[in-house]
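K.L.:
Got a structure for you, questions after.
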DNA sequence: TCTTCTTCTGAAAGCGCTTTCATACAGAGT
DNA sequence: ACTCTGTATGAAAGCGCTTTCAGAAGAAGA
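Chains as they are written, first to last, in the working numbering: chain A, 1 to 338; chain B, 1 to 338.
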């Protein structure tokens with residue numbers, strides 16, 4: 001922190017008012033007479049005054065900082081949400097403090113601890129599931145928490161119905177006549193989003209009286225490479241599936257790449273559907289049928305909700321954003337039913 | 001900020017020492033006797049004491065916070081660098097304060113202003129070019145700045161040789177016999193990285209005695225869609241190029257998608273090369289020939305350098321990371337030279 | 001003219017920590 | 001025994017701002 005900066009007291013002297021008045025000019029200008037306000041502003045501009053955030057935070061008990069804890073930044077769905085959060089928050093004078101934990105629940109707790117120590121005014125988290133220590137830190141802290149993607153009933157949240165997303169993708173494949181449908185998800189153990197999507201897939205199959213043989217379901221890293229590996233595994237089965245649902249688009253695209261590398265035509269030999277609707281999904285070839293998840297809006301709405309809560313504005317404190325099926329070229333009739 | 005937190009003075013009372021001693025136990029434990037230190041630690045653990053970051057920042061003049069100003073988070077190269085920075089910094093007890101400006105120089109200056117007001121101890125920036133106002137803010141602030149990707153001589157930086165990257169990609173195409181080579185870059189006006197790459201392309205062409213007709217060079221958004229549009233533009237020429245260099249992989253991949261959508265075979269009808277080496281570039285079909293840029297390492301090294309500067313450790317203050325050509329399947333001999 | 005409000009401004013007490021300076025004490029040297 | 005170090009701790013003064021409380025000044029009502 002630069003120690004040679006102009007201080008509030010110097011502005012006060014320059015403007016011929018007390019420090020208290022300068023402080024009010026910054027945070028509660030409506031309390032001052034127009035004339036005084038103008039004088040203070042002129043002095044502040046003239047000296048190039050910038051309030052010291054640490055001092056303000058200490059004196060006021062508010063840091064104007066929101067913490068965001070994400071699994072990773074290295075995945076468009078999260079970096080996009082973050083980008084939207086940041087844009088929304090900075091419009092309201094807040095700043096984002098970012099931490100990521102690479103899908104480790106212990107690291108997540110550590111992130112939360114660090115951000116709390118930084119005195120964030122609120123915390124935006126991904127998913128509902130965390131270790132007891134983290135949950136305790138949160139409840140002790142007394143600051144508002146907004147959860148995204150998944151959340152328990154009753155807590156402030158911006159959600160998507162992951163189960164419904166899985167359901168939509170799978171129903172679409174069933175409607176196309178597919179009966180052997182495979183599913184590749186990310187690790188479900190520490191990831192309630194993937195778990196919900198997987199549940200949706202199963203429910204759609206049950207609805208249609210179909211079963212999901214264990215061999216047709218596998219878990220992989222939530223990356224393109226993971227998708228390739230999962231697809232390879234399914235295609236190597238004695239009875240490979242005619243369609244695959246990927247728990248996220250990255251996995252689905254990995255499937256397509258692997259299938260094409262093996263000389264299969266998509267969708268003639270294999271249909272592939274994803275969930276997320278990344279930018280690139282419309283551009284891969286063939287374009288990917290997927291379930292659109294409004295990632296950026298999740299970020300923006302979470303930020304908006306956080307600010308509303310901090311300002312104690314009334315308003316809905318739980319929001320579920322719609323997901324919808326986007327049919328493109330990567331899915332088609334099951335072989336033999338064209 | 002929670003106001004019901006345990007304070008340092010309470011720990012002091014519990015441990016039967018002065019507040020100064022507790023403070024030293026936190027930041028300069030080597031000054032205390034083993035016995036006192038243990039007593040203070042026990043008391044702190046027992047009460048669940050967490051120091052208040054704002055108060056520490058105010059009293060010490062150090063916020064233990066580093067600001068990072070990125071063009072966007074919605075591009076893997078930056079989110080990956082950020083992820084690496086964050087991992088590196090948190091190991092050293094620093095936290096990242098992130099801001100993004102969507103390639104607007106005015107917004108960038110505003111980001112810098114905001115982060116400085118937050119009292120960051122250092123600033124990591126992308127690119128060397130910024131408006132005068134921003135440059136002035138930086139020099140006035142007196143805090144260390146590390147620039148990444150591009151930087152003027154003499155300032156602390158972690159660079160890649162963008163010109164060399166453009167050169168490598170283009171030389172490779174020339175070696176394959178291509179003579180009409182098109183180039184699609186991001187806007188070069190406010191982006192010194194893209195400008196450097198473009199320069200490299202031109203230099204390679206000049207070396208080979210080739211020219212770059214204006215029609216074969218175009219600027220587009222640094223997105224997949226931008227690549228598609230640029231490619232469409234080049235392919236619609238009376239004499240389209242036989243090879244295209246994309247200023248970033250995203251553009252190159254967009255080129256491939258567009259060319260394939262028009263029924264062209266890659267690389268038989270058109271060769272495409274990118275620069276960056278995104279994860280996905282190895283997995284698109286055909287896999288993309290590109291110049292590897294060590295994005296994550298840029299982030300990690302910038303963070304490391306920043307900490308070293310803050311600790312006044314000696315060490316190199318400018319680092320240039322190597323780029324190298326990765327030949328994959330998207331480039332091949334020029335038509336008629338197979 | 002004298003209250004009674006209202007509106008605006010100032011004085012001063014912190015916010016929770018760090019850090020300088022001073023002090024106390026133990027051991028070493030003479 | 002007496003100074004001289006050096007080490008371990010404490011007292012107290014801030015860091016730069018916010019906010020409570022009180023007071024001044026002017027407007028309005030009686």
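Here a beta-carbon is modelled for each residue, glycine too, at the ideal position from N, C-alpha and C.
1. Strictly under 8 Å for the Cβ-Cβ distance: is residue 80 (chain B) near chain A by that measure?
2. Could you give the distance in angstroms between the alpha-carbon of residue 63 (chain B) and the alpha-carbon of residue 169 (chain B)?
3. Does residue 95 (chain B) have its Cβ less than 8 Å from a Cβ in chain A?
4. Report all residues from its chain with a CB closer than 8 Å to the CB of residue 331 (chain B); omit the five preceding and five following residues, and keep chain order.
5. Excluding five sequence neighbours on each side, which residues of the same chain lie with their C-beta closer than 7 Å to the C-beta of residue 37 (chain B)?
6. Please list, in chain order, all residues of the same chain as residue 346 (chain B) whose beta carbon is under 8 Å from its beta carbon, the five residues on each side excluded.
7. According to DSSP, is residue 3 (chain A) helix, strand or coil?
8. Kindly list, in the order they appear in chain B, the residues whose Cβ is closer than 9 Å to that of residue 254 (chain A).
9. Residue 72 (chain B) CB to nearest chain A CB: under 8 Å?
10. Could you check which residue in B:125, B:132, B:154 has the C-alpha nearest to that of residue 193 (chain B)?
11. State buried or exposed for residue 3 (chain B), treating a residue as buried only when at least 16 other CB atoms are found within 10 Å of its CB.
12. What do you get for residue 18 (chain B), buried or exposed, if any count of 16 or more other CB atoms within 10 angstroms of its CB means buried?
13. Looking at chain B, which residues of the stretch 42–68 of chain A have a Cβ within less than 7 Å of any of its Cβ atoms?
14. Compute the beta-carbon to beta-carbon distance between residue 283 (chain B) and residue 254 (chain A), rounded to the nearest angstrom, for a pair I have assumed lies under 8 Å.
15. Would residue 35 (chain A) be called buried (16 or more neighbouring beta carbons within 10 Å of its own) or exposed?
16. Give, in chain order, every residue of the stretch 306–325 of chain B whose Cβ lies closer than 8 Å to some Cβ of chain A.
17. Between the Cα of residue 339 (chain B) and the Cα atoms of B:256, B:40, B:164, which residue gives the shortest distance?
18. So the alpha helix (DSSP H) residue 342 (chain A) belongs to, where does it begin and stop?
19. Note down the Cα distance separating residue 326 (chain B) from residue 292 (chain B), rounded to an integer number of angstroms.
20. Can you tell me whether residue 276 (chain B) is buried or exposed, with buried defined as 16 or more other CB within 10 angstroms of its CB?
21. Please state whether DSSP places residue 48 (chain B) in a helix, a strand or coil.
22. Please work out which residues of its chain come closer than 6 Å, Cβ to Cβ, to residue 182 (chain B), disregarding the five sequence neighbours upstream and downstream, and give them in chain order.
23. Measuring only the C-alpha atoms, how far is residue 285 (chain B) from residue 250 (chain B)?
24. Note down the Cα distance separating residue 119 (chain A) from residue 120 (chain B), rounded to an integer number of angstroms.
25. Taking the straight line between their C-alpha atoms, what separation do you get for residue 1 (chain A) and residue 107 (chain B)?
26. Between residue 306 (chain A) and residue 144 (chain A), which are expected to be in contact by the criterion C-beta below 8 Å, what is the C-beta distance as a whole number of angstroms?
27. I'd like to know whether the C-beta of residue 212 (chain A) is nearer than 8 Å to at least one C-beta of chain B.
28. I want to verify the contact list: residues of chain B whose CB lies under 9 Å from the CB of residue 228 (chain A), in sequence order.
29. For the alpha helix (DSSP H) that contains residue 12 (chain A), what are its first and last residues?
30. Take residue 232 (chain B) and list the residues in its own chain whose beta-carbon comes closer than 7 Å to its own, dropping the five residues that flank it on each side.
31. Have a look at residue 309 (chain A) and residue 222 (chain B) and give me their C-alpha separation to the nearest angstrom.
32. For a contact defined as C-beta to C-beta under 8 Å, what are the partners of residue 233 (chain B) on chain A?
33. Within 10 Å of its beta-carbon, does residue 148 (chain A) have 16 or more other beta-carbons around it, so buried, or fewer, so exposed?
34. Would you mind sorting residue 65 (chain B) into buried or exposed? The rule is 16 or more other CB atoms within 10 Å of its CB.
35. Using a C-beta cutoff of 8 Å, does residue 280 (chain A) count as contacting chain B?
36. With which residues is residue 124 (chain B) paired in a DSSP beta bridge?
P.N.:
Reading from the atomic positions:
1. Closer than 8 Å: yes.
2. If I take the Cα positions, the gap works out to 43 Å.
3. With 8 Å as the cut-off, residue 95 (chain B) counts as an interface residue toward chain A.
4. 172, 173, 176, 243, 267, 271, 272, 273, 289.
5. Excluding positions up to five away in sequence, the list reads 25, 29.
6. Outside the displayed range of chain B (1 to 338) lies residue 346 (chain B), so it cannot be described from this structure.
7. Note that residue 3 (chain A) scores a pLDDT of 48, beneath 50, so its modelled location is shaky and nothing firm can be said.
8. Correct list: 283.
9. At a cut-off of 8 Å, the C-beta of residue 72 (chain B) has a neighbouring C-beta in chain A.
10. The shortest CA-to-CA distance from residue 193 (chain B) to any of B:125, B:132, B:154 is the one to B:125.
11. Any answer about residue 3 (chain B) is weak, because its pLDDT of 49 lies below 50 and its placement is not dependable; what the coordinates show is given next. It is exposed - the Cβ of residue 3 (chain B) has fewer than 16 other Cβ atoms within 10 Å.
12. Exposed, because fewer than 16 other Cβ atoms sit within 10 Å of the Cβ of residue 18 (chain B).
13. The stretch 42–68 of chain A vs chain B, Cβ under 7 Å: 50, 51, 52, 53, 54, 55, 57, 58, 61, 62, 63.
14. Rounded, the Cβ-Cβ distance is 7 Å, consistent with contact.
15. Flag for residue 35 (chain A) reads exposed.
16. Listed in chain order, the positions of the stretch 306–325 of chain B with a beta carbon within less than 8 Å of a beta carbon of chain A would be empty, since no residue qualifies.
17. The question about residue 339 (chain B) has no answer here: the residues shown for chain B are numbered 1 through 338.
18. Any property of residue 342 (chain A) remains undetermined from this structure, which presents chain A solely from 1 to 338.
19. Whole-angstrom Cα-Cα distance: 7 Å.
20. By the neighbour-count rule (16 or more Cβ atoms within 10 Å), residue 276 (chain B) is buried.
21. Correct three-state label for residue 48 (chain B): coil.
22. The residues are 216, 234, 241, 244.
23. Cα to Cα, residue 285 (chain B) sits roughly 14 Å from residue 250 (chain B).
24. Using only the alpha carbons, I get a separation of about 15 Å.
25. Note on residue 1 (chain A): pLDDT 45, under 50, position unreliable in the model; the coordinate value appears next. The alpha-carbon atoms of residue 1 (chain A) and residue 107 (chain B) are separated by roughly 22 Å.
26. Taking C-beta atoms under 8 Å as the contact rule, residue 306 (chain A) and residue 144 (chain A) qualify, at a distance of about 7 Å.
27. Interface with chain B (8 Å Cβ-Cβ cutoff): residue 212 (chain A) is excluded.
28. The contacting residues are 283.
29. Counting along the chain, the unbroken alpha helix (DSSP H) around residue 12 (chain A) starts and ends at 8–15.
30. Excluding residues within five positions, the ones whose Cβ falls inside 7 Å are 258.
31. Computed Cα separation, rounded: 37 Å.
32. The contacting residues do not exist; residue 233 (chain B) stays about 17 Å from chain A at best.
33. That one is buried.
34. Burial state of residue 65 (chain B) is buried, judged by a 10 Å Cβ sphere holding 16 or more other Cβ atoms.
35. The C-beta of residue 280 (chain A) comes closer than 8 Å to at least one C-beta of chain B.
36. Answer is B:68, B:146, bridged to residue 124 (chain B).
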